[in-house]
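Comments concern the structure below.
Number of protein chains: 2
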Amino acid sequence: MLSLVEENYLKAIYHLSDAGKSAVTTNALADNMNNRAASVTDMIKRLSTKGVISYEKYRGVNISEKGRRAALKVIRKHRLWETFLVEKLNFNWDEVHEVAEQLEHIDSPLLIEKLDSFLGHPKVDPHGHPIPDKHGRIHEVKQVQLSEAKVGTQGVLHSVNDGSPKFLQYLSKIGIRIGARIEIVEIMEFDGSMEIIIDDEERVFISRQASENLLIREAT
Amino acid sequence: MLSLVEENYLKAIYHLSDAGKSAVTTNALADNMNNRAASVTDMIKRLSTKGVISYEKYRGVNISEKGRRAALKVIRKHRLWETFLVEKLNFNWDEVHEVAEQLEHIDSPLLIEKLDSFLGHPKVDPHGHPIPDKHGRIHEVKQVQLSEAKVGTQGVLHSVNDGSPKFLQYLSKIGIRIGARIEIVEIMEFDGSMEIIIDDEERVFISRQASENLLIREAT
DNA sequence: ACTATTTTTTAGGTGAACCTAAATTTATAT
DNA sequence: ATATAAATTTAGGTTCACCTAAAAAATAGT
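Order-wise, the sequence lines are chains A and B. The numbering used here numbers the first residue of the first sequence as 245 and each following residue consecutively. The numbering used here numbers the first residue of the second sequence as 245 and each following residue consecutively.
Put into C-alpha cells, the structure is as follows:
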C-alpha cells in the first residue's frame with residue numbers, strides 16, 4: 245500500500261521518465277515536487293524498499309513494472325475525475341487540475357469502475373491525454389509537437405503538454421481548443437514563433453514556447 | 245486550516261456531542277476514533293489551540309462556534325458525496341459510507357457548489373440525514389425513534405441512526421427503505437421487539453436494537 | 001471519609017515526511 | 001589530470017499523529 249505522498253512521487257517519476265523510458269535524477273524530482281534533494285533521497289529509499297522503483301546511489305531512479313502499474317492507476321483516476329469535472333460539473337478545463345490532484349488518491353476500485361461507466365468509458369481527458377484502462381493499458385496516438393512541424397503542416401490539436409491554468413486560459417482566449425484544426429502559415433526564424441490558422445478562420449501568432457506545448461495529429 | 249485527521253476528530257466531537265449540545269469525554273472520543281485515550285488528549289490540545297473546541301482538563305471537550313462551522317462543512321460534503329454515489333453512480337446505500345469518508349476531505353468550495361447544483365440541491369442524503377446548506381444551516385425535521393413510539397403509531401421512515409453496511413443490508417432484506425410507511429402492530433414486553441407493517445403490506449418482527457435506529461416522522 | 005476503581009493526563013518513544021548543514025561522489029573545464 | 005563546480009547523500013533535527021507505561025485526578029463504593 246502506498247501513501248498519498250508516495251503515490252505523488254511515483255506519478256512524478258512516471259511522467260519525468262517519459263513513461264519509464266529514461267531514468268530520473270534526484271534534482272529533477274526535487275524540482276518537480278517542490279522539495280529539497282535530501283527529502284527526495286529519503287523518499288527514493290522508501291520507494292525502492294517497496295519495490296516500485298529501482299535505485300542505484302548517485303545514478304537516479306527507474307520505475308519498476310510494479311511501480312508503473314501503480315502510477316497508471318493514479319493517472320487513470322486523475323484523468324477520469326478531470327473528465328467528470330468538465331463533462332458533468334461544467335468546470336472549465338483550466339480549473340480541474342488541482343481538484344483532480346486530490347481526487348486521484350481516493351481509494352475505491354468500485355468507485356472508479358462506476359465513475360468510468362457513468363462517463364461512458366471515455367478514452368481521453370479534457371486535455372486530450374489518454375485515460376489508461378483498468379489494466380493500465382493506454383492507446384497512445386501518434387502526435388507531434390507543433391513546434392516540430394514545418395510550414396504548411398495541417399493537423400488537429402490532440403492534446404496539450406502544459407496543463408497550467410495560465411496556459412489553458414491563454415489558449416481559450418485565442419480560440420484554441422482540443423479538436424481544433426491547425427495549419428502552420430509561417431515560422432519566424434529568429435525566435436521560432438509561428439503564425440497559424442485555427443479552424444480555417446482565425447490567424448494568430450503563437451510563441452515557440454506555446455507551440456512546444458501543443459500536440460497535433462497530422463492530417464495525412 | 246485543519247488536517248484530515250483533525251477534521252475527523254472534529255466531526256466525531258460534533259456527532260458525539262449531539263450537535264454541540266453536550267460535552268464529549270476523552271474515552272468516548274478514543275472509542276469512536278479507535279485510538280488510545282493518550283492520543284486523544286494530544287489531539288484535544290491541538291484542536292483547543294486552533295480554537296475549534298474548548299477544553300478544561302479532566303472535564304471533556306465542547307465544540308466552539310468556529311468548530312461547529314468546520315464540522316458542518318465536512319458533514320455537508322460527506323452527505324452530498326453520499327447522495328452523488330447513490331443517485332448518479334448507482335451505489336447501494338450500504339456501500340457509500342467508506343468512500344464518502346474519503347471524499348469528504350476534498351478541499352474545493354467550487355467543487356462542492358457545482359456538485360450541489362448537479363444533484364439539484366438535495367435536502368437529505370440517502371440515509372435521510374439533512375444536508376447542511378453552504379452556510380451550515382440544517383432544517384431538522386421532527387422525528388422519533390421507532391422504539392419510543394407506542395402501539396398503533398403510524399409514520400414514515402425518515403432516517404436511520406446506524407449507517408453500517410450490516411444494518412442497511414438487513415433493512416433492505418426485510419423491505420425497509422427511507423420513505424416507507426411504518427405502523428406498529430405490537431410491542432413485546434419482555435424484550436422490546438415489535439411487530440410492524442411496512443407500506444400496508446408486509447408484517448415483520450424487528451428487535452429493540454433495530455427500532456432504536458429507525459427514525460420516523462409520525463403521521464398526524 | 002477514605003479507599004478502590006475508573007478516567008484522564010503526562011512522559012517518553014515511533015515512523016512518515018519534511019528540513020538544514022556538512023560530507024561525499026560525479027561531472028566539467030581548463 | 002586535476003581543480004572546481006554541481007549533484008547527491010548522510011547526519012541530525014522538526015512536526016504530526018499515533019503508541020505504552022506510569023502518574024495524577026475524579027468518581028464510586030462502603
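Every residue, glycine too, gets a C-beta built ideally from N, C-alpha and C. Computed from a predicted model, the values in this text were never measured in an experiment.
LEU412(A) touches chain B at which residues, Cβ-Cβ below 8 Å?
-> The residue labelled residue 412(A) in the question sits at position 168 within the first sequence. At a beta-carbon threshold of 8 Å, none of the residues of chain B lie near LEU412(A); the nearest stands roughly 16 Å away.
DSSP bridge partner residues for ASN399(B) (one or two, in chain order) = The sequence position of residue 399(B) within the second sequence is 155, counting from 1. According to the sequence provided, residue 399(B) is Gly. The question's Asn does not apply to it. In the DSSP assignment, GLY399(B) forms a beta bridge with ILE426(B), GLU462(B).
Buried versus exposed, by CB contacts within 10 Å (16 or more), VAL429(A) = In the first sequence, residue 429(A) corresponds to position 185, counting from 1. Label assigned to VAL429(A): exposed.
Note down the Cα distance separating LYS417(B) from SER361(A), rounded to an integer number of angstroms.
-> On the second sequence, residue 417(B) is found 173 positions in, with the first residue counted as 1. On the first sequence, residue 361(A) is found 117 positions in, with the first residue counted as 1. Note on geometry: alpha-carbon atoms of LYS417(B) and SER361(A) lie some 27 Å from one another.
Below-8 Å beta-carbon distance, VAL343(B) vs any chain A residue | Translated into positions along the second sequence, residue 343(B) becomes position 99. Taking Cβ atoms only, chain A reaches closer than 8 Å to VAL343(B), which makes this a yes.
Beta-carbon of SER352(A) versus every beta-carbon of chain B: anything under 8 Å?
-> Position 108 of the first sequence holds residue 352(A). Under the Cβ criterion of 8 Å, SER352(A) is counted among the residues facing chain B.
Is the Cβ of GLN346(A) closer than 8 Å to any Cβ of chain B?
-> Position 102 of the first sequence, counted from the first residue, corresponds to residue 346(A). Yes - at least one Cβ of chain B is within 8 Å of the one on GLN346(A).
Cβ neighbours of ALA256(B) in the same chain (closer than 7 Å, five flanking residues each side left out) = Taking the second sequence and counting its residues from 1, one reaches residue 256(B) at position 12. Annotation for ALA256(B): LEU273, ASN276, MET277 place their beta carbon closer than 7 Å to its own, counting only its chain and skipping 5 residues before and after.
Ignore the nearest five residues each way along the sequence and tell me which others in ALA424(A)'s own chain have a CB closer than 6 Å to its CB.
-> By 1-based counting over the first sequence, the position of residue 424(A) is 180. The answer, listed in chain order, is LEU401, ILE442, ASP443.
Would you mind telling me which residues of chain A sit closer than 7 Å to ASN334(B), beta carbon to beta carbon, in chain order?
-> Stepping through the second sequence from its first residue, residue 334(B) is reached at position 90. In chain order: LYS358.
For SER283(B), name the three-state secondary structure that DSSP assigns.
-> Counting from one through the second sequence, the residue named residue 283(B) turns up at place 39. Residue state, collapsed to three classes: helix.
When the distance is taken between beta carbons, is LEU390(B) closer than 8 Å to ILE426(B)?
-> Sequence index remark: in the second sequence, residue 426(B) carries index 182 (1-based). Sequence index remark: in the second sequence, residue 390(B) carries index 146 (1-based). The Cβ atoms of ILE426(B) and LEU390(B) sit closer than 8 Å to each other.
Using a cut-off of 8 Å between C-beta atoms, extract the partners of GLU339(A) located in chain B.
-> Counted from its first residue, the first sequence places residue 339(A) at position 95. Ordered by position in chain B, the residues that pass the 8 Å Cβ test against GLU339(A) are LEU354.
MET432(B) versus ILE350(B), ARG452(B), LEU415(B), GLU446(B), residue with shortest Cα-Cα distance = In the second sequence, counting from the first residue as 1, residue 432(B) sits at position 188. Sorting ILE350(B), ARG452(B), LEU415(B), GLU446(B) by C-alpha distance to the C-alpha of MET432(B) places ARG452(B) at the top.
Distance, LEU248(A) Cα to PHE411(A) Cα = The residue you call residue 411(A) lines up with position 167 of the first sequence. The residue you call residue 248(A) lines up with position 4 of the first sequence. Going from the Cα of PHE411(A) to the Cα of LEU248(A) covers about 27 Å.
GLU456(A) (DSSP reduced to helix, strand or coil) | Here residue 456(A) is taken as the residue at index 212 of the first sequence, counted from 1. Helix, per DSSP.
Residues in its own chain within less than 6 Å of ASP406(A) by CB, not counting five upstream and five downstream?
-> The residue given as residue 406(A) occupies position 162 in the first sequence. Here the set comprises ASN457.
Between PHE362(B) and chain A, is there a C-beta pair that is closer than 8 Å?
-> What you label residue 362(B) is simply residue 118 of the second sequence in a count that begins at 1. So, interface residue.
Own chain partners of SER437(A) with C-beta closer than 7 Å, once the 5 adjacent residues on each side are dropped = Locating residue 437(A) in the first sequence gives position 193, counting from the first residue. When the five nearest sequence neighbours on each side are left out, the beta carbons in the same chain lying within less than 7 Å of the beta carbon of SER437(A) are those of PHE449, ILE450, SER451, ARG452, in order along the chain.
What residues are listed by DSSP as bridge partners for ARG447(B)?
-> Position 203 of the second sequence, counted from the start, is the residue given in the question as residue 447(B). ARG447(B) has ILE441(B) as its beta-bridge partners, per DSSP.
Exposure of HIS322(B), with buried meaning 16 or more beta-carbon neighbours within 10 Å | Counting from 1 along the second sequence, the entry for residue 322(B) is found at position 78. When all chains shown are included, HIS322(B) counts as buried.
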